[in-house]
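If you read the sequences in order, they're chains A and B. First residue of the first sequence: 113, per the numbering used here; consecutive thereafter. First residue of the second sequence: 1342, per the numbering used here; consecutive thereafter. Yeah, the Cβ is synthetic: ideal placement off N, Cα and C, and Gly gets one too. Predicted, not measured: the structure shown is a model, and the values here were computed from it. Take a look at the structure set out below.
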Amino acid sequence: MSADLQPLMLDALLTGGLLLLLIADLFIKDEGKAVLADLTALLFGGLFAASFFLDTSGTAFSGAYVGGAWPLFFKRLFFGAGLLTALASRGFVAERFPRRQGEFYLLLGACVLGMSLLPGAQNLILLLVAFELMGLPLSLMAAYAKTEDAKGQDRDGAEGGLKLYVVGAASTGITVFGLSLVFGMTGSLEFTGLAAAPSSPLLTLGMFLTLAGMSFKIGAVPFHMWVPDTYQAAPTPFVAFLSSAPKAAGFAALAAVFLRGFGGAAEAWVPAVLTVTTLTLVVGNLMAIPQSNVKRLLAFSGVAHIGYMLIALAIGDAEATGVLLFYLAGYTVTNIGAFLVVNAVGGRDADVEIPLFNGLSRRSPGLAACLLIFLLSLAGIPFVVGFWAKLYVFLEAWRAGLWWLTLLGALLAVVGLWYYLQIAYAAYIRAPADDRTQPVRLDPRTRLAVAVCLIAVVGMGAWPAPFITNALDAAAVFLK
Amino acid sequence: MSEHILSVIVASPFLAALLIMLVPGDRHGPIRVLGFVGSVISLLGAIYVALHYDQARGGMQFGVVYPFIPRFGIDIRLAADGWSVALLLLTGIIMTAGSLASATLTNRPKEFYILLLVLVAGVFGVFVCQDLFIFFLFYEIAVLPMYLLIGIWGSKGKVAAAGPFKAVWRDLDVGGKEYAAMKLTLMLLVGSAAILVGMFAIYFAAGGKSFDMIALAKTHFPRDMQLWVFPMLWLGFGSLAGVFPFHTWSPDGHAAAPTAVSMLHAGVLMKLGAFGVMRVGMIILPEGAAAWAPVVGAVAALNVIYGAVSAMSQKDLKYVIAYSSVSHMGVVMLGAATLDTDGWNGAVYQMFAHGIMTGLFFALVGLIYERAHSRWVPSMGGFAKVMPGVAAFFTLAGLSSLGMPGSAGFVAEFLVFAGAWKSGNILWAIPAMIGAWVTAVYVLRATKMIFWGDGPSHEFHDLHDAKRVEWGALWILGTCIVLFGCAPRLVLDFIGTATGEYLPAIAKAAASIAPVALEIVK
């Protein structure tokens, strides 16, 4: 028994921690509930640290779950994202939703639990359950900013949440339908069994439906419509989380189903993925240009980044998968950092328009420098992590003979720089508005979270070798 | 010491930038001193390299390798050949003069010096880096800070909206600093995208094991691949070298940039582009270079003429100098395209000479603009009466620009034209010489209009000559023009060492390949 649960130690600890959090919530009075954020952060921080000491290799549930380097890489990513989100949400949640704080952190924890179970799943059922455990809390949290005060501010919150919920439900339906076709044609729920099945038209249809369903979740074009609306409407610290960790989980699911399950039938699905990739790259980058709302701009930029990551997925060998992991890690820290700065600058404003950033470098030089570094990392400029991530993807694409994607990607990266510089331009070159000349106020925990992101972005950019090696090793185990 | 000297040169501006970050933004004095010290250490390092470079032995010296990403064969390999020595000296001189010339800057000097020093660290890195990948990284570091440097500290020129696209011009704010900064960044980054693709092509064609440029230069690449990769590198790097028609960012950029940035950008950064074409394009892909040489040379000859004629019709002083840079960079590319010893020596020497000369020009233009608050040449006149020092140095730079014997510009242009003639490309040499004549026309005319004649009119009431540290920049650059004009061998010997090593392989390739049009038909 104990050997059986060994690979799930971290998940078991997380579940236990969440139960304790639930109990604690019952006994803490409304005024003191902000401490729950710190407890959640401690929980995630502890789990992140524990992931370096606990041995989580082995097999659980008769082979339905396998631990090891691959799930561990994702777990660290998710715990890290959870930690940053909990740190940065404290002030925001305590101020805006004073009576609903406990639930926010419980939902966050449940979502991370779902994500954390996902990468180790060896069969379709566990994969799907974990995926839904992640997805449902997300829709609830997206709707958190429903009408809170009499003036009707944040009335978009419900719309954003509903959109995510409906799209999520529909995409789950499509995924389940696709997977049921797959099961019908292969007679197997295990990924290893899928690989052995002969090809047939219905199986191909099942594959395409699964791809479409999962593309909704990661926000790939043409299934991306919910992304900007939800980002715009949802609480910003939560968007930081929504834009990063669930995307990584989506890629874990895609990698499990397509690279391991349908790895042998690559010629059937790779053209479809390449089409989606190209569309995602082009639409994401071009649609970001006209956005004046920073959250929408970052939403489309996120779509573009999904496109870059899909290149690695389409190549699909162990090395490209390792590069995908590195990209996910780099994107997660960068994007969380960027959204946290946006949250700090936006303050109580529901709509964070670019002019709000005017003169930021004179109001808060440090924060502006952080923002600039995050933006440069998103744009893929040398010596920050985003550069290496893009570069490795381009290298892999070239190696796989997809030189045209390298060229397209490199040109679109220039387009990307254009819209990221719009924000940097406002922050550095424009003068501050007359009513906004004071430094931006940052609570210490957000400050800490931004600092952690900054260190990660600069550190992984200055010395990428250990991180890429770790990612490549994890991927090598996964596709062995 | 000597094995780490190149690391010191590259790291010292960068460390100075880090130290400046720790200084409070309102302490202008320490910031300036740190910026100056960081540049001077690099200059002293460059002089040390020049003194200790063993010309008899030649080749790469002071080599050092730091492993970076072994998995992809990326290492930080620093080493200097004769070309590097010359260009390190140039960068050190220009940066030292530039930090003196910006001593009067009062608008956010902290951020200014940080960006400027990071940019210079990138420039030094490009000149001594022997790993293709890190070369590209340094190149990007040298290009990107320009956006903020121009966007924040730039100035707006007087560009009258004209022509059928008048409305679009006004909407885009052509001539404004934001327009210039964005145009420069985007155009150069499209060039970078082309370089990236070319770099990958080279890396994978060589087996995907290493980015070591010395090993890559020894690899023989398939001819078809060379034929399509070389133009990518030529246009990619060439966009920074101001190759026609990708030069249009340069006049706007130089005109809008603040003084020290114009000095560095025209004086050093454009050289990175030409250096990249020669160091990466021509040496690693000799057959591609030989096949494309007629195109490269013809475009370069066009550059010389077009740049000179454009400079002649400008009325904004900074635009005059900026277009003259486009014209002079054409001379560099022309020398490179000759694939001849004299031509190549002349090309690298022109990088050096033009760097010093245009650095002096932009320093002077900065001084004039700061005092006159105008760059509009027709409104000036008689300035020599109140700023005789500035007038003297402007004339000196002008004489070097038009290739007056005894100035550094003469040596360079003479070598390039001789090389073009010797390699049988008289058709390039003649337009280039006409270009040099047009240069004489616009330089002398501009000098006359600004400094001689009646005036200065009462709108320029607070003109005065250079002051204190500003003299430093002028004297350093002015002395260099005369010194390297009268004793060119001080630098030319270094350049010749490297040229002598690289050229035989290229000459061999040139003998085996027809011009690109014929090759494609085949």
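- At least 8 Å separates the beta-carbon of ASP1834(B) from that of LYS1763(B).
- Only buried fits GLU508(A), as 16 or more other CB atoms lie within 10 angstroms of its CB.
- For the region 521 to 532 of chain A, residues whose beta-carbon sits nearer than 8 Å to a beta-carbon of chain B comprise ALA522, LEU523, ALA525, VAL526, LEU529 and TRP530.
- Listed in chain order, the non-local C-beta contacts of PRO1635(B) below 6 Å within the same chain comprise PRO1856, local neighbours out to five positions each way being set aside.
- Nearest neighbour of SER251(A) by Cα position, chosen from ILE286(A), VAL351(A), LEU126(A) and GLU143(A), turns out to be VAL351(A).
- Bounds of any beta strand (DSSP E) do not take in LEU134(A); it lies within the alpha helix (DSSP H) bounded by 121 to 139.
- For PHE164(A), the closest C-alpha among the options VAL333(A), VAL178(A), LEU151(A) and LEU184(A) is that of LEU184(A).
- Burial state of HIS1588(B) is buried, judged by a 10 Å Cβ sphere holding 16 or more other Cβ atoms.
- With contact defined as three or more Cβ pairs closer than 8 Å, the region 1616 to 1633 of chain B and the region 1836 to 1852 of chain B are in contact.
- Counting only runs of 4 or more residues that sit fully inside the region 146 to 181 of chain A, the alpha helix (DSSP H) segments are 147 to 162, in chain order.
- Contact annotation for GLY1492(B) against chain A: TYR537, TYR540 and ILE541 [CB-CB distance below 8 Å, chain order].
- A distance below 7 Å between beta-carbons, with the five flanking residues on each side excluded, links ALA365(A) to the following residues of its chain, in chain order: LEU230, LEU239, PHE243 and MET326.
- By the rule that beta-carbons nearer than 8 Å mark a contact, ILE493(A) touches chain B.
- Interface flag for PHE506(A) against chain B is set, since a Cβ pair is found closer than 8 Å.
- At a Cβ-Cβ threshold of 8 Å, ASN470(A) and ALA536(A) do not count as neighbours.
- In the three-state DSSP reduction, GLY396(A) falls in the helix class (H, G or I).
- Cβ atoms of PRO119(A) and GLY158(A) stay farther apart than 8 Å, at about 18 Å.
- Considering only beta carbons, no part of the region 341 to 367 of chain A lies closer than 7 Å to chain B.
- Between GLU1519(B) and chain A, the shortest Cβ-Cβ separation is below 8 Å.
- Using a Cβ-Cβ cut-off of 7 Å, ILE1625(B) is close to nothing in chain A; its nearest Cβ partner there is about 17 Å away.
- The C-beta distance from ARG1712(B) to ASP1803(B) rounds to 6 Å, short enough to fall under 8 Å.
- Flagged as an interface residue toward chain B: LEU519(A), by a C-beta distance shorter than 8 Å.
- In this structure the region 388 to 399 of chain A touches the region 323 to 337 of chain A; the number of beta carbon pairs closer than 8 Å is three or more.
- Residue nearest to LEU306(A) within the set GLN234(A), GLY280(A) and THR284(A) is GLN234(A) (criterion: CA-CA distance).
- Check the Cα spacing between GLY280(A) and each of ALA270(A), SER292(A), LEU317(A) and TRP338(A): the tightest is with TRP338(A).
- ALA1828(B) and PRO402(A) have their C-alpha atoms some 57 Å from each other.
- One alpha carbon belongs to LEU1446(B), the other to SER473(A), and they sit about 18 Å apart.
- Collapsing the DSSP output to three states places VAL333(A) in coil.
- Between MET1436(B) and LEU1605(B), the alpha-carbon positions lie close to 7 Å from each other.
- Counting other Cβ atoms within 10 Å of its Cβ, HIS1799(B) stays below 16 and is therefore classed as exposed.
- Secondary structure of PRO1408(B) (DSSP, three-state): strand.
- Under the three-pair Cβ rule at 8 Å, the region 362 to 377 of chain A does not count as touching the region 444 to 458 of chain A.
- Around the beta-carbon of MET1623(B), 16 or more other beta-carbon atoms lie within 10 Å, marking it buried.
- Distance from GLY290(A) to GLY318(A) at the Cβ level is roughly 5 Å; contact confirmed, criterion being Cβ atoms closer than 8 Å.
- Using a CB distance cut-off of 8 Å, PRO551(A) does not count as an interface residue toward chain B.
- Contact between the region 1681 to 1690 of chain B and the region 1727 to 1746 of chain B is absent: fewer than 3 CB-CB pairs across the two stretches fall below 8 Å.
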